[in-house]
Amino acid sequence: MAAIALVTGSARRIGARIVRALHARDCRVVIHYRNSEAEARALAAELNATRADSAACLQADLSDPAAVRRLAAEARACFGGLDLLVNNGSSFYPTPLAEATDHDWDELVHSNLRAPFLLSQALAGDLARSGRGAIVNLVDVYAEKPLADHPLYCMAKAGLAMMTRSLARDLGPAVRVNGVAPGPILWPEQGGADQDAVLKASALKRAGDPDDIAGAVTWLALDAPYVTGQILAVDGGRSLALAGT
């Protein structure tokens with residue numbers, strides 16, 4: 001029977017590539033979005049045209065705990081269970097210390113850390129019962145070395161890295177929990193500073209492709225039965241440069 005996957009933040013960009021990669025492996029997919037309804041519905045329609053009743057889409061604001069818990073229940077109901085949870089949804093923007101607000105805490109910490117925790121909490125039983133349950137969290141190379149003027153984002157991703165390891169210990173052996181830490185793949189839509197410098201500092205001297213992340217997520221979700229508690233850096237060697245700073 002095909003695995004059923006919920007991928008948060010998956011209407012577009014890297015999340016959509018993850019959905020396509022899992023769907024190509026015969027998974028049924030639940031596409032989550034916050035504001036990108038048109039893109040989510042278009043992606044679901046495209047996938048359903050390829051294989052009937054294989055994709056659904058759900059809306060939720062990941063900064064709202066009640067909405068996150070509702071998303072878990074609705075995702076479970078879409079196809080009658082769940083095997084895979086991919087916590088990809090994320091907010092990202094700078095929060096210099098003197099300017100960070102309570103709203104920034106809610107937006108960045110809830111979407112990057114609390115929502116993945118709440119979804120894992122709500123769906124752990126479903127994943128355990130599936131017999132092949134797995135969680136893959138999208139972390140960041142900046143969970144280890146901070147990005148200037150992004151303390152809240154970096155703190156949240158560092159917490160997500162620890163959550164990945166903690167839940168791997170607590171949910172094993174029934175559920176595997178791993179992470180992927182992307183490097184320079186797609187720049188933030190509001191612009192990324194020092195892009196050339198970031199690329200030159202990486203070992204491979206180039207940006208990656210979203211399919212690099214999708215492939216890593218798919219491998220950890222479906223093809224790595226003896227891997228848990230690991231965070232795979234898919235960053236072209238960017239973390240090597242960060243380690244030397």
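With UniProt numbering, letter number 128 in the sequence shown gets 128, and the count goes up by one each step, no holes.
Glycine residues also receive a C-beta, built at the ideal position from the N, C-alpha and C atoms.
Of all alpha-carbon atoms in 64, 121, 55, 220, the one lying nearest the alpha-carbon of residue 103 is that of 64. Within its own chain, the residues whose Cβ lies closer than 6 Å to the Cβ of residue 96, once the five positions on either side in sequence are excluded, are 149, listed in chain order. Excluding residues up to 5 positions away in sequence, 9, 59, 60, 61, 62, 89 lie with their Cβ nearer than 8 Å to the Cβ of residue 34 in the same chain. Contact check for residue 6 and residue 75: beta-carbon distance about 4 Å, within the 8 Å limit, so the pair qualifies. About 4 Å separates the CB atoms of residue 130 and residue 83; that is less than 8 Å, so the two are in contact. In this structure, DSSP gives residue 139 a state outside helix and strand, which the three-state scheme calls coil. With contacts defined as CB atoms closer than 7 Å, residue 228 and residue 176 qualify as a contacting pair. Inter-residue distance for residue 98 and residue 151 is about 11 Å (C-alpha atoms, whole angstroms). Within a 10 Å sphere around the beta-carbon of residue 25 sit fewer than 16 other beta-carbons, which makes this residue exposed. Leaving aside the five residues that flank residue 161 on each side, the residues in its chain whose CB is nearer than 7 Å to its CB run, in chain order, 139, 143, 179, 231. In the DSSP assignment, residue 176 falls within the beta strand (DSSP E) that extends over 175-182.
In terms of CA proximity to residue 236, 184 leads the group 184, 211, 224, 32. In this structure residue 107 is buried. Its beta-carbon is surrounded by 16 or more other beta-carbon atoms within 10 angstroms. Within the stretch 52-80, the complete alpha helix (DSSP H) segments at least 4 residues long are 65-79, listed from N- to C-terminus. Looking at the backbone, the Cα of residue 94 and that of residue 1 are separated by about 43 Å.
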